[in-house]
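J.:
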Amino acid sequence: GAVVSQHPSWVICKSGTSVKIECRSLDFQATTMFWYRQFPKQSLMLMATSNEGSKATYEQGVEKDKFLINHASLTLSTLTVTSAHPEDSSFYICSARDPVPGLANTQYFGPGTRLTVL
Amino acid sequence: KQEVTQIPAALSVPEGENLVLNCSFTDSAIYNLQWFRQDPGKGLTSLLLIQSSQREQTSGRLNASLDKSSGRSTLYIAASQPGDSATYLCAVRGTSGSRLTFGEGTQLTVNP
């Protein structure tokens with residue numbers, strides 16, 4: 001199956017700093033990528049949908065100025081958590097949609113990034 | 119608004135037992151339903167995807183069924199093994215291209 005990678009796998013930062021997380025589709029071109037966050041023992045909550053070459057669509061309650069998403073190429077999307085605070089500590093997971101006809105609704109998930117803000 | 123519920127939240131069984139995980143959704147107008155596995159601190163691995171026109175899908179020891187009219191899906195795991203221990207998530211897609219709505223998962227522990 002298709003592979004989605006994330007980098008870094010974990011990061012610890014000080015409050016007030018910004019952190020960038022990369023999501024790459026390794027063997028396919030993804031026109032659409034998704035960013036989720038997951039708190040301990042909870043399910044995935046969609047934060048935003050990112051389409052290559054256009055602005056991301058954010059879910060209600062997600063601050064677009066705090067969670068900057070860039071999808072500049074068909075294989076890379078980035079999520080930048082700006083001025084991070086301890087409440088932003090979470091597990092961030094990206095997902096990429098396979099554009100191949102017949103598989104257009106198959107999403108492949110990255111391994112996640114654990115963010116801890118001190 | 120679609121809501122997905124998974125029961126039970128946690129399940130512990132002895133090795134070798136057959137088990138069923140349940141998923142229900144409030145809006146039966148779905149495009150497809152997908153079962154995922156998540157190991158602690160890891161991402162999601164897709165197990166089975168059932169299109170709305172299908173009744174079930176099978177992969178190895180796993181069998182997923184879908185009853186769209188009643189808003190239910192089950193994941194059957196045969197002859198469970200300790201390596202099956204993980205959290206199992208159910209997710210539905212409302213229409214082609216729309217977002218996935220996830221349940222909160224069932225944490226499965228298979229004891230040797």
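If you read the protein sequences in the order shown, they are chains D and A. Quick note: the first sequence uses the working numbering, first residue 1, plus one each step. Quick note: the second sequence uses the working numbering, first residue 119, plus one each step. The beta carbon of each residue, even a glycine, is placed where N, CA and C say it ideally should be.
Since Glu52/D and Thr31/D are thought to touch, with beta carbons under 8 Å apart, how far apart are those beta carbons, to the nearest angstrom?
T.: Right, the Cβ-Cβ distance comes to about 5 Å (below 8 Å), so this counts as a contact.
J.: Please work out which residues of its chain come closer than 6 Å, Cβ to Cβ, to Ala209/A, disregarding the five sequence neighbours upstream and downstream, and give them in chain order.
T.: Taken in chain order, the residues that qualify are Gln152, Leu218, Phe220.
J.: Excluding the 5 residues preceding and the 5 following Leu118/D in the sequence, name in chain order all residues of the same chain whose CB lies nearer than 6 Å to its CB.
T.: Answer for Leu118/D: Lys14, listed in chain order.
J.: Compile a chain-ordered list of the residues in the segment 83-97 of chain D whose CB is closer than 9 Å to at least one CB of chain A.
T.: Result list: Phe91, Ile93, Cys94, Ser95, Arg97.
J.: Spatial neighbours of Asn140/A within its chain, please: C-beta separation below 6 Å, excluding the five flanking residues on both sides.
T.: Result list for Asn140/A: Ile125, Thr192, in chain order.
J.: Would you mind telling me which residues of chain D sit closer than 7 Å to Ser220/A, beta carbon to beta carbon, in chain order?
T.: Position check: residue 220/A holds Phe in this sequence, whereas Ser was assumed. Within chain D, the residues near Phe220/A are Ser43, Leu44.
J.: Based on the DSSP secondary-structure assignment, which residues constitute the bridge partners of Phe91/D?
T.: Answer is Gln38/D, Arg114/D, bridged to Phe91/D.
J.: Comparing the C-beta of Leu184/A with each C-beta of chain D, is any distance below 7 Å?
T.: No, its Cβ sits nowhere closer than 7 Å to a Cβ of chain D.
J.: Between the alpha carbons of Thr144/A and Ala182/A, how many angstroms are there, rounded?
T.: When rounded, the distance between both Cα atoms is 18 Å.
J.: Considering only the alpha carbon of each residue, which of Pro40/D, Gly112/D, Cys94/D, Asp88/D lies closest to Ala48/D?
T.: Nearest option by C-alpha distance: Cys94/D.
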